[in-house]
Amino acid sequence: MHDTRTISRTDERPPDAAGSDDAVAETDQVLSPTRLAWKSFRRSKLGLVGSLMVLLLIVIAIGGEQFSPYDAYSMDSSVSLEPPSLAHPAGTDRFGRDQLTRLMEGTRISMLVSFVAVVLSLVIGIPLGLIAGYYGGLAGTVIMRGVDVVFAFPTILLALMLVATLGASLPNLILAIAVIFQANVVRIVRASVMSVKEREFVEAARAVGARDSVIMAQFILPNVLSPVIVQATFHLSLAIFIEAALSFLGLGTQPPTPSWGLMLNESRTFIEFAPWLTIFPGLAIIFAVLGFNLMGDALRDAFDPRLSQR
Amino acid sequence: MLRYIAHRLLGLIPVLIGVSLLVFLSVWVIPGDVVDIMMGDEMAQSAAAIERLRAQMNLDEPIHIRYLTWIGNVLQGDLGVSLISGEPVLDQILRRAPVNFQLMLMAMFFIIVIGIPLGTLAAYKQFTWIDNTIRIGAIFGYVIPNFWLATIAVLIVSLYFPRSGVLNYVPFSEDPIANIRGLLLPGLVLSLTTVTYIVRLTRATVLDALRQDYVRTARAKGLSERIVMTVHVIPNSMIPVATVLGIQVGVLIGGLVLTEEIFMLPGIGRMILLSIESRDFMVLAGSILFVAVIFVLVNLIIDILYAFLDPRIRY
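Below is the structure:
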């Protein structure tokens, strides 16, 4: 998970198991592949659990401090470094700030970073992938070489370099993550486009004189969306990890903004006498990454029924 | 085969040019007065450092000349000198590289001795409590951030085993045993994400192999389960695992920065972080370029080995 290429290149399936077209079950009524996937997704218990976890995170991210009597930023030195208690279920930090409130505020940061970065990567990656897959040619070559360059760096290292040179801030972090993810999106979209563009329904559309833009938007795009959605879900969890890792290194969110990674970073000084400051942000990261991963696994199984049978 | 290798080597050229351009552009072309930004306000702006920077970057030349000069030097093995210490960047990298190499070997060792047996066991005992335990463990290992786990591990060791020496890094040349002891925990933490991934993958491929006709035949002719597994199932399910092991080298390289930071190991990852902190952009550019090139070469070797191992792949 900590590297984008693991997901796209292996898929946990032996290479020879690939192939075969959409396995649409022809029972009494014919369901569209999307409906079929949705039905299968709803049946997955783990997928449901993951979705509920993600939903909870989104609610906390939107509601934020309204759920807490404390303020994430106001300091109170009289309660500095208090262990977990009824008043402060996750303890307090060095400045007497309630950690649970800061974790909730951190949820907002994590969700913001991951959703904005993933949306941005789709906005950049889908058109580039469509162009590279549909037209190929010089534009396609240039785009794919660019993608290769992004893939030539270990993920964390590229993010590190971009943030270090652009300056450590939240927008730059989002931009760096989006740049990395879009390369993966381009690869996936291009591969799906190439497998779809020679199919009969595209040829038929071309034969009746549909413009390229119409063909791409109406016939090709819907067919490449499912792998992109699955990948985007995994990207959400990866973005949470990258944000946490870079903030942990002091290169992401800057104080006093409470992000999970930054809280972990700040807690290192006090780890021996205030371990709760280290434990809870870690649990928050695990919760979020697990939620998105369970959702992603269920989505992948739903869109690709061959995988769920093992 | 030779044609394939030649083809891949040629394809490497544009990628390497792109990599060097990206490093050059992002590290050296920053808006504003480059020198001021690079040296920063908080840094003691020693005249010597500024002079070194100006001299190395040929700031008066147009940008393409600067790039060509830089890449020309790089191709001759000159990555520049540190703005802080004045030491050649390549010397610094080569001095630190053994730590990374050892750490990678250690992590790879754990990945293989933990990941493959557990994955095989889970597949062999599919749908039993053993399988379920391993699978749940693998999911958790996958989502636990390794830098968090490393921090907790350091805490536990320093609280309960302060004299164990597990947290002390000693160079291999001084004391090989102490050296390996000091790398055990970092290697284990570094391997964690990949171990869980290899468990899941091994389970999937072994399950796949178990359903093949040749396994049924082997069982039908009365071979013991031991022989069936060791001769027929395991070797045949290892090709995809081997490939992924190679790909995971990249994940490990990426994980080095965090692992080295937490365990205070003197490797290239820490060097990169230090260069960012001290705004030593010569070291940053050099070390990132170095790591990226190694990464690209490792990937190439894996692809070639894969083509070699699996005769179905022909180009």
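Quick mapping for you: the protein sequence lines, in order, are chains C and W.
Positions in the first sequence are counted from 1; adding 1247 to them yields my numbering.
Positions in the second sequence are counted from 1; adding 1293 to them yields my numbering.
Heads up, the beta-carbon is just placed ideally off N, CA and C, and yes, glycines get one too.
**Request:** Could you list which residues in chain W have their beta carbon closer than 8 angstroms to that of Thr1519 of chain C, in chain order?
**Result:** It is Glu, not Thr, that sits at residue 1519 of chain C in the sequence shown. For a Cβ distance threshold of 8 angstroms, residue set Leu1448, Ser1451, Leu1452 of chain W lies close to Glu1519 of chain C, ordered along the chain.
**Prompt:** Would you call the stretch 1458 to 1470 of chain W and the stretch 1485 to 1498 of chain W touching, i.e. three or more CB-CB distances under 8 angstroms?
**Reply:** no
**Request:** Consider the Cβ of Val1301 of chain C: report whether some Cβ of chain W lies at a distance smaller than 8 angstroms.
**Result:** no
**Request:** Report back the beta-carbon spacing between Leu1404 of chain C and Glu1490 of chain C to the nearest angstrom; my notes put them in contact at under 8 angstroms.
**Result:** The pair is not a contact, with the Cβ atoms about 16 angstroms apart (cut-off 8 angstroms).
**Request:** For Leu1375 of chain C, I'd like the list of residues in its chain whose CB is within less than 6 angstroms of its CB, leaving aside the five on either flank, ordered along the chain.
**Result:** Ile1390, Val1433
**Request:** Kindly list, in the order they appear in chain C, the residues whose Cβ is closer than 7 angstroms to that of Gln1585 of chain W.
**Result:** Strictly speaking, residue 1585 of chain W in this sequence is Ala, with Gln absent from that position. Here the neighbours are Ala1399, Phe1400.
**Request:** Could you pull out every unbroken beta strand (DSSP E) segment of at least 3 residues lying fully inside the stretch 1513 to 1549 of chain C, listed in chain order?
**Result:** none
**Asked** Does the stretch 1518 to 1532 of chain C come close enough to the stretch 1557 to 1575 of chain W that 3 or more CB-CB pairs lie under 8 angstroms?
**Response** no
**Message:** What are the residues in the stretch 1371 to 1396 of chain C lying within 8 angstroms of chain W by C-beta distance?
**Reply:** Arg1392, Gly1393, Asp1395, Val1396
**Asked** With a Cβ-Cβ cutoff of 8 angstroms, do Pro1307 of chain W and Arg1437 of chain C count as a contact?
**Response** no
**Request:** Using a Cβ-Cβ cut-off of less than 7 angstroms, list which residues of the stretch 1381 to 1399 of chain W approach chain C; keep chain order.
**Result:** none
**Asked** Under 8 angstroms between the Cβ atoms of Gly1579 of chain W and Ile1407 of chain W?
**Response** no
**Request:** Decide if Val1524 of chain W is buried, meaning its Cβ has at least 16 other Cβ atoms within 10 Å, or exposed.
**Result:** Label assigned to Val1524 of chain W: exposed.
**Asked** Going along chain W, which residues have a C-beta under 8 angstroms from Met1463 of chain C?
**Response** Near Met1463 of chain C there are no residues of chain W at all, since even the closest Cβ is about 27 angstroms away, more than 8 angstroms.
**Message:** Given this structure, state the Cα-to-Cα distance separating Thr1251 of chain C from Ser1484 of chain C, to the nearest angstrom.
**Reply:** The predicted model places Thr1251 of chain C with a pLDDT of 42, which falls under 50 and marks its position as unreliable; any figure quoted below should be read in that light. If you take the alpha carbons of Thr1251 of chain C and Ser1484 of chain C, they lie about 11 angstroms apart.
**Item:** Local Cβ density within 10 Å of Val1306 of chain C, reported as buried at 16 or more and exposed below that
**Value:** The residue in question, Val1306 of chain C, is exposed, as its Cβ has fewer than 16 Cβ neighbours within 10 Å.
**Asked** For Tyr1507 of chain W, which residues from the same chain have a beta carbon less than 7 angstroms from its beta carbon, with the 5 sequence-adjacent residues on both sides left out?
**Response** So the qualifying residues of the chain are His1525.
**Item:** For Pro1381 of chain W, three-class secondary structure by DSSP
**Value:** strand
**Request:** Using beta-carbon positions only, say whether Val1492 of chain W and Leu1537 of chain C come within less than 8 angstroms of one another.
**Result:** With contacts defined as CB atoms closer than 8 angstroms, Val1492 of chain W and Leu1537 of chain C fail to qualify as a contacting pair.
**Item:** Bounding residues of the alpha helix (DSSP H) (the contiguous stretch that carries Thr1426 of chain W)
**Value:** 1422 to 1436
**Prompt:** What runs of the alpha helix (DSSP H), each 4 residues or longer, lie entirely inside the stretch 1454 to 1513 of chain C?
**Reply:** 1468 to 1495
**Asked** Which residues in the same chain as Thr1552 of chain W place their Cβ atom closer than 8 angstroms to its Cβ, once the five residues preceding and following it in sequence are excluded?
**Response** Leu1396, Asn1439, Phe1440, Ala1443, Pro1479, Val1482, Leu1483, Leu1558, Gly1562
**Message:** Taking 8 angstroms as the limit between beta carbons, can you name the residues of its chain near Pro1381 of chain W, skipping five residues before and five after?
**Reply:** Asp1371, Leu1372, Gly1373, Val1374, Ser1375
**Message:** Quick check: the Cα distance between Gly1297 of chain C and His1300 of chain W, rounded to an integer number of angstroms?
**Reply:** 44 angstroms
**Message:** Counting C-beta neighbours from all protein chains within 10 Å, is the total for Phe1588 of chain W 16 or more, i.e. buried, or is it exposed?
**Reply:** buried
**Asked** In chain order, which alpha helix (DSSP H) runs of at least 4 residues are fully inside the stretch 1506 to 1564 of chain W?
**Response** 1506 to 1513, 1527 to 1556
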